[in-house]
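Here the sequence shown stands for residues 158 to 231, numbered as in the working numbering.
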Amino acid sequence: MPAPPPSTLGSALERDRLHHRTRRIEYVLVALRTRAGEYKRRGAVPEPLHQAIADFSRTLADDRRRLRSMGRRA
């Protein structure tokens with residue numbers, strides 16, 4: 158595996174920004190999944206809620222891949 162490029166202030170700030178973004182998305186997903194669980198107990202989960210969970214999950218996976226490529230674990 159090649160070594161990550163030398164760190165610059167800009168790249169460090171971008172890693173930090175992306176790291177914080179992944180944390181925010183994780184919190185959103187917890188809230189959405191909680192809401193989906195409440196709907197499931199009462200009947201069916203609305204399709205837009207399923208779609209929102211899927212969209213945020215994809216975004217989180219993409220951001221985590223970017224963080225790994227920058228040399229920081231997500």
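In this text, a Cβ means the ideal position worked out from N, Cα and C, and glycines have one as well.
A201 sits in coil when the DSSP states are folded into three classes, being neither helix nor strand. With a 10 Å radius around the Cβ and a threshold of 16 neighbouring Cβ atoms, L166 comes out exposed. With distances taken between CA atoms, L217 lies nearest to R180 out of L170, A169, R172 and R180. Excluding five sequence positions before and after R190, the CB atoms of its chain that fall closer than 8 Å to its own CB belong to I210, given in chain order.
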